[in-house]
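Listed in order, the protein sequences are those of chains A and B.
For what it's worth, the UniProt record's numbering labels the leading residue of the first sequence as 1, then goes sequentially.
For what it's worth, the UniProt record's numbering labels the leading residue of the second sequence as 1, then goes sequentially.
Okay, structure first, notes after.
There are 2 protein chains.
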Amino acid sequence: MITWSTLTFDEKREALARPAMKDSASLKATVSQILAEVQSHGDAAVIRYTQQFDCPSLTSLRLSNERLHELAEQVADDVKRAIQIAFNNVKQFHEAQKPADIRLTTTPGVTCEQRFTALDTVGLYIPGGSAPLPSTVLMLGVPASVAGCRRKILCTPPNQNGEIASEIAFAARLCDIDEVYLCGGAQAIAAMAFGTESVSKTDKIFGPGNSFVTEAKQQVSQRADGAAIDMPAGPSEVLVIADDNANADFVAADLLSQAEHGPDSQAILVSPSSSLITAVQQAVEAQLATLSRNHIAAKAMENARYILTDTISDAIAVSNVYAPEHLIVQVGNARSYLPAIQNAGSVFLGAWSPESAGDYASGTNHVLPTYGYARNYSSLGLLDFMRRFTVQELSKEGISNLGPAIMTLAQAEGLDAHKQAVAVRLNALAQECDQ
Amino acid sequence: MITWSTLTFDEKREALARPAMKDSASLKATVSQILAEVQSHGDAAVIRYTQQFDCPSLTSLRLSNERLHELAEQVADDVKRAIQIAFNNVKQFHEAQKPADIRLTTTPGVTCEQRFTALDTVGLYIPGGSAPLPSTVLMLGVPASVAGCRRKILCTPPNQNGEIASEIAFAARLCDIDEVYLCGGAQAIAAMAFGTESVSKTDKIFGPGNSFVTEAKQQVSQRADGAAIDMPAGPSEVLVIADDNANADFVAADLLSQAEHGPDSQAILVSPSSSLITAVQQAVEAQLATLSRNHIAAKAMENARYILTDTISDAIAVSNVYAPEHLIVQVGNARSYLPAIQNAGSVFLGAWSPESAGDYASGTNHVLPTYGYARNYSSLGLLDFMRRFTVQELSKEGISNLGPAIMTLAQAEGLDAHKQAVAVRLNALAQECDQ
């Protein structure tokens with residue numbers, strides 16, 4: 001237990017430090033090589049890597065829609081229902097995010113507009129691994145679908161049999177995703193960034209992944225011939241603020257929810273109550289033993305931090321500095337503290353709002369800025385699947401009204417042709433009047 | 001004049017190719033070194049570089065507010081009026097972009113919110129050079145001010161006398177920018193990304209610049225200890241679609257407005273009228289001679305392209321592939337083509353809407369995606385100075401309704417602790433009911 005008020009400035013910084021991310025030259029070089037191979041050899045390179053890492057017998061990247069449909073049908077009914085419930089909530093919440101176009105007359109005869117339009121082609125990456133992640137399919141596929149992206153391409157690594165989990169297939173079909181490709185890792189990101197014979201080049205790539213995927217996303221986002229990406233990535237994290245009234249079992253379960261994601265997950269409890277902190281520490285020990293992924297969670301909890309502050313306001317100040325991906329506020333009248341919260345990806349208010357609600361089914365998106373990026377990046381939302389552009393239309397009256405100011409400014413900036421573009425028009429109008 | 005319909009696929013691609021951007025290892029290394037120096041030595045390093053490149057006598061980075069005020073007062077009255085007119089229009093249009101928070105009940109007892117909040121500290125970069133750029137101060141400063149960013153930091157290189165142009169000072173004061181630092185180039189970007197004794201670390205850096213500035217922005221945006229940036233940058237460009245009714249002088253002036261920005265600027269005319277194209281080519285020659293920056297504009301116009309299409313629709317298809325930063329549509333009933341326009345940073349409709357209107361004063365932002373990024377990046381707007389985050393609050397009813405689905409999904413994904421975080425709450429509720 002760390003007593004915040006006794007720390008020096010440097011100790012405070014240390015207490016909230018995140019683990020350094022590996023800046024591995026060999027990872028960069030490996031990924032760069034994979035990108036170059038895929039760019040040069042297209043499908044052949046992607047298939048070769050997929051055979052090497054995922055499925056030795058793979059010969060075609062595309063999962064047929066027929067097979068996608070068959071797989072989707074195999075999902076157990078209760079899981080289907082649960083995915084459908086999550087889908088409904090995520091869809092409602094993202095539909096509510098639809099932006100309105102703006103049209104405004106700034107000066108008589110001068111109309112300005114801001115318009116929103118869906119990105120044309122988006123790439124959705126779903127990691128493989130020991131368990132399927134249908135929830136991530138929903139978190140990417142629903143906003144892409146609601147935005148109205150013309151093409152939605154999903155890449156996910158196949159299993160040894162060249163197939164994907166039925167839950168992934170079911171969620172993909174709910175989101176109207178009908179292009180599923182059997183590839184993962186940096187090669188999948190390369191395929192979606194550059195395009196291959198099978199996989200369309202995409203405008204933007206979304207989704208979580210391992211260090212190869214993350215590095216590949218960074219690299220393609222830096223290239224003009226690549227693709228935009230959703231946001232930078234880092235280890236996942238939760239910060240819980242709790243007071244004396246909090247239920248220690250609830251808090252412990254929330255910390256462990258985060259911890260089981262991976263050994264580098266960060267779990268932080270900040271509380272003005274030392275008795276609550278002690279109770280949570282005991283509850284964590286008790287619950288840890290019951291988890292199937294307890295080796296992962298235990299490893300992450302070695303780096304958990306329990307910070308004792310003087311007040312709840314101090315705890316919020318700590319959170320604002322840390323800028324957590326998930327912030328759970330289990331204090332009396334939690335909502336009253338919302339205006340004071342500055343930097344967080346997603347906020348969970350009150351005792352009955354576990355992180356797993358947002359991870360799965362409340363309706364909010366679970367793709368969130370990690371690693372302190374909550375101070376300058378947004379949680380994923382509908383707007384990330386759209387583009388804004390502007391339109392202006394000046395009438396003769398408009399250019400007459402605004403032209404002189406434009407010419408003065410162009411002259412001040414030494415840009416003759418900018419001035420001339422107005423002058424030729426004002427001259428033409430003057431001639432019209434003379435006639 | 002290129003006749004579009006006679007081109008092969010590869011020739012079409014070639015006709016719309018942008019100049020390759022230098023991927024210079026020495027530029028990267030130089031910038032990387034400057035970033036490291038500023039990160040290690042703070043103000044001392046920034047002052048040293050500024051003495052070397054801009055002002056040998058500089059000893060302090062901060063331009064005092066008193067001096068800022070004095071400089072602002074020196075602006076000629078007609079320029080003050082013109083800047084004020086532009087400011088008013090830009091402010092109106094960006095105020096109209098204020099987003100509304102969202103609050104929604106997705107399932108009884110489950111409330112989800114999307115909230116918008118201003119970025120805390122933003123860094124605005126204004127290039128130096130032969131002429132001052134007060135318009136760019138407005139395009140960055142107005143949205144930062146309208147968004148409500150707590151701190152707005154402006155960096156611009158000083159002249160030989162350690163001062164800045166009075167027009168910059170005047171525009172900065174209109175935008176309520178009260179922290180102006182006398183530094184430019186990669187060292188200014190480093191100062192705003194990492195912070196120094198004088199310059200606060202910023203959350204996001206905005207603004208155009210030379211190749212050092214662009215490279216520095218890219219590098220700091222890739223670092224977790226750096227800052228986010230507005231968008232990737234490339235040479236500026238315009239594509240004009242014009243028909244037989246268009247005024248060749250207007251079109252020529254618009255092409256030249258773009259061309260005078262720099263020798264790498266791109267100017268493209270696409271038209272179904274060969275007579276219009278010929279007339280524009282002649283008008284360009286005539287107008288070129290009158291420009292003070294004619295050597296720059298002439299160099300850019302060497303790479304100008306004149307593309308003849310069969311129809312206006314074909315011209316729009318060409319534009320959609322090219323994805324221009326600025327798209328000027330000088331055809332009869334220009335607005336009717338707006339729904340067909342897919343990828344453009346800002347659209348100028350009709351004969352009376354020159355690019356310079358948007359560059360200066362219509363109200364739209366002149367910071368726009370270049371180099372084809374209009375297909376996946378937005379034009380700069382108020383939302384770029386804000387963050388979205390989500391909030392969820394479940395009541396007892398909410399967790400009772402949604403908990404079973406969350407548990408099913410957590411189980412399907414093999415995440416016990418996520419399931420447990422719901423189970424402990426449902427158990428607690430069951431016990432409450434039993435009592």
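The C-beta atom is built at its ideal place from N, Cα and C for all residues, glycine as well.
From a predicted model like this one, the values you see are computed outputs, not experimental measurements.
Simplified DSSP assignment, three categories, for residue i
i, result
"L394(A)", "strand"
"T105(A)", "strand"
"H326(A)", "strand"
"I47(B)", "helix"
"K152(B)", "strand"
"Q431(B)", "helix"
"Q160(B)", "coil"
"M231(B)", "coil"
"I2(B)", "strand"
"K80(B)", "helix"
"S271(B)", "strand"
"R62(B)", "strand"
"Y337(B)", "helix"
"G414(B)", "coil"
"S353(B)", "coil"
Residues near residue i in its chain [Cβ-Cβ closer than 8 Å; skip 5 each side]
i, result
"D416(A)", "A410"
"S5(A)", "T309, D310, D314"
"T370(A)", "A233, G234, P235, S236, E237, E325, G345"
"K80(A)", "F170"
Own chain, CB closer than 6 Å to residue i, minus 5 neighbours either side, in chain order
i, result
"M139(A)", "N365, H366, V367"
"Q97(A)", "G381, L382"
"V240(A)", "V251, D254, L269, I328"
"A323(A)", "N343, G372, A374, R375"
CA-to-CA distance, residue j to residue i, given in whole angstroms
i, j, result
"residue 438(A)", "N343(B)", "Since the first residue of chain A shown is 1 and the last is 435, residue 438(A) is not available in this structure."
"R150(A)", "D10(A)", "50 Å"
"L71(B)", "A144(B)", "22 Å"
"S60(B)", "A188(B)", "14 Å"
"N88(B)", "A361(B)", "9 Å"
"V31(A)", "E95(B)", "43 Å"
"T408(B)", "D78(A)", "7 Å"
"I2(B)", "S356(B)", "27 Å"
"E197(A)", "G358(A)", "38 Å"
"R62(B)", "T202(B)", "16 Å"
"L119(A)", "C175(A)", "16 Å"
"L276(A)", "Q92(B)", "51 Å"
"H69(B)", "G209(B)", "25 Å"
"N159(A)", "A165(A)", "8 Å"
"residue 443(A)", "L426(A)", "The question about residue 443(A) has no answer here: the residues shown for chain A are numbered 1 through 435."
"A29(B)", "D23(B)", "11 Å"
"G128(B)", "Q222(A)", "26 Å"
"Q52(A)", "I153(A)", "23 Å"
"N161(B)", "F385(B)", "33 Å"
"S378(A)", "A76(B)", "42 Å"
Beta-carbon contacts of residue i that lie in its chain and below 7 Å, excluding the five residues immediately before and after
i, result
"V46(B)", "V38, L61, C183, Q187, A191, T196"
"T136(A)", "I126, G207, P208"
"R13(A)", "none"
"R305(A)", "I2, A15, I268"
"A298(B)", "L288"
Below 7 Å between beta carbons is the criterion; list the residues of the stretch 187-208 of chain B that meet it against any residue of chain A, in chain order. D203, K204
Taking three-plus beta-carbon pairs below 8 Å as touching, is the stretch 214-234 of chain A in contact with the stretch 248-256 of chain A? no
Would the stretch 120-128 of chain B count as touching the stretch 179-197 of chain B if we require 3 or more Cβ pairs under 8 Å? yes
If we count Cβ pairs, one from each stretch, closer than 8 Å, do we get three or more for the stretch 38-45 of chain A versus the stretch 345-357 of chain A? no
Relative to chain A, which residues along the stretch 1-15 of chain B have a C-beta separation below 8 Å, given in chain order? none
Taking contact to mean at least 3 C-beta pairs separated by less than 8 Å, is the stretch 104-115 of chain B in contact with the stretch 389-407 of chain A? no
Residues from the stretch 90-114 of chain A in contact with chain B, defined by Cβ distance under 7 Å: Q92, F93, A96, Q97, I102, L104, T106, T107, V110, C112, Q114
Contacting positions in the stretch 147-169 of chain A - beta carbon closer than 7 Å to chain B: E167
Report the residues of the stretch 404-430 of chain A with a CB closer than 7 Å to any CB of chain B, ordered along the chain. Residues A405, I406, T408, L409, A410, A412, E413, G414, L415, D416, A417, H418, Q420, A421, V422, V424, R425, A428.
Please identify, using Cβ separations under 7 Å, the residues of the stretch 305-332 of chain B that lie next to chain A, in order along the chain. none
So if I threshold CB-CB distances at 9 Å, which residues from the stretch 268-282 of chain B count as touching chain A? none
Listed in chain order, which residues of the stretch 61-90 of chain A have Cβ atoms closer than 9 Å to some Cβ of chain B? V75, A76, D78, V79, R81, A82, I83, Q84, I85, A86, N88, N89, V90
Give me the subset of the stretch 339-357 of chain A whose CB atoms are less than 9 Å from a CB atom of chain B, sorted by chain position. Answer in chain order: I341, Q342, N343, A344, G345, S346, V347, F348, L349, G350, A351, W352, S353, P354, E355, S356, A357.
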